[in-house]
């Protein structure tokens with residue numbers, strides 16, 4: 661993955677820009693606490709607003725609502741660590757602390773493989789005269805996903821169709 665820093669940056673930005681689960685899992689405070697003047701008694705449920713954390717202009721800049729993988733690259737297009745507090749993830753989509761998502765590496769690596777293979781094997785273009793609204797999404801309770809859209813996928817070489825079909829079969833699709 662180190663040899664494909666832009667794809668790593670795309671993965672980080674996808675997970676930051678449109679987290680699948682915009683609200684974190686419920687945590688319970690183990691002692692009384694005060695946060696920004698608010699008293700939080702021991703045993704109270706606390707839910708992190710991952711969406712807002714991932715779109716904070718103080719952390720991600722004035723373009724925090726824009727999709728911009730370059731925010732994770734330096735001037736030489738090499739991958740940089742994320743903003744302070746995000747560790748190497750560069751976002752809060754997998755949670756934080758002791759209860760960080762145990763599947764984060766599987767999710768990140770799966771996205772990386774899928775994006776790298778798709779870009780290697782095919783050219784993706786809009787269906788003629790149809791713009792894709794990248795800001796449109798379905799909010800289905802706790803889960804977010806993009807609105808359905810049409811895209812034209814053209815293999816880059818003759819074997820690409822076979823290779824992508826095999827990959828889909830291996831993934832059970």
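In the working numbering, the protein residues as written are 661 to 833. All C-beta atoms, glycine included, are put in the ideal place defined by N, C-alpha and C.
- Apart from sequence neighbours up to five positions away, the residues of its chain that approach residue 704 with a beta-carbon distance below 6 Å are 689, ordered along the chain.
- In the DSSP assignment, residue 783 falls within the unbroken beta strand (DSSP E) covering 782-786.
- With respect to residue 739, residue 682 sits apart: the two C-beta atoms are not nearer than 7 Å.
- In chain order, 768, 771, 772, 775 place their CB closer than 7 Å to the CB of residue 671, counting only its own chain and leaving out the 5 sequence neighbours on each side.
- Listed in chain order, the alpha helix (DSSP H) elements of length 4 or more contained wholly in the segment 712-786 are 717-720, 764-781.
- Ranking 764, 814, 759, 735 by CA distance to the CA of residue 748 puts 764 first.
- When secondary structure is reduced to three states using DSSP, residue 676 falls in the helix class.
- By the C-beta density criterion, residue 668 is buried, having at least 16 other C-beta atoms within 10 angstroms.
- Judged by beta-carbon spacing, residue 806 lies beyond the 7 Å limit of residue 753, meaning their Cβ atoms are not closer than that value.
- If you compare the alpha carbons of 797, 812, 782, 804 with that of residue 789, the shortest gap goes to 812.
- Annotation for residue 691: 702 place their beta carbon closer than 8 Å to its own, counting only its chain and skipping 5 residues before and after.
- Its chain contains no residue whose beta carbon lies nearer than 6 Å to that of residue 818 once the 5 sequence neighbours on both sides are disregarded.
- Comparing alpha carbon positions, the residue from 821, 712, 746 closest to residue 782 is 821.
- When the Cα atoms are used, residue 831 and residue 823 turn out to be separated by approximately 12 Å.
- Scanning its chain for C-beta atoms nearer than 6 Å, with the 5 sequence neighbours on each side dropped, one finds around residue 810 the residues 787, in chain order.
- Distance from residue 684 to residue 755 at the Cβ level is roughly 5 Å; contact confirmed, criterion being Cβ atoms closer than 8 Å.
- In this chain, residue 819 is not harboured by any alpha helix (DSSP H), its DSSP state being neither H nor E.
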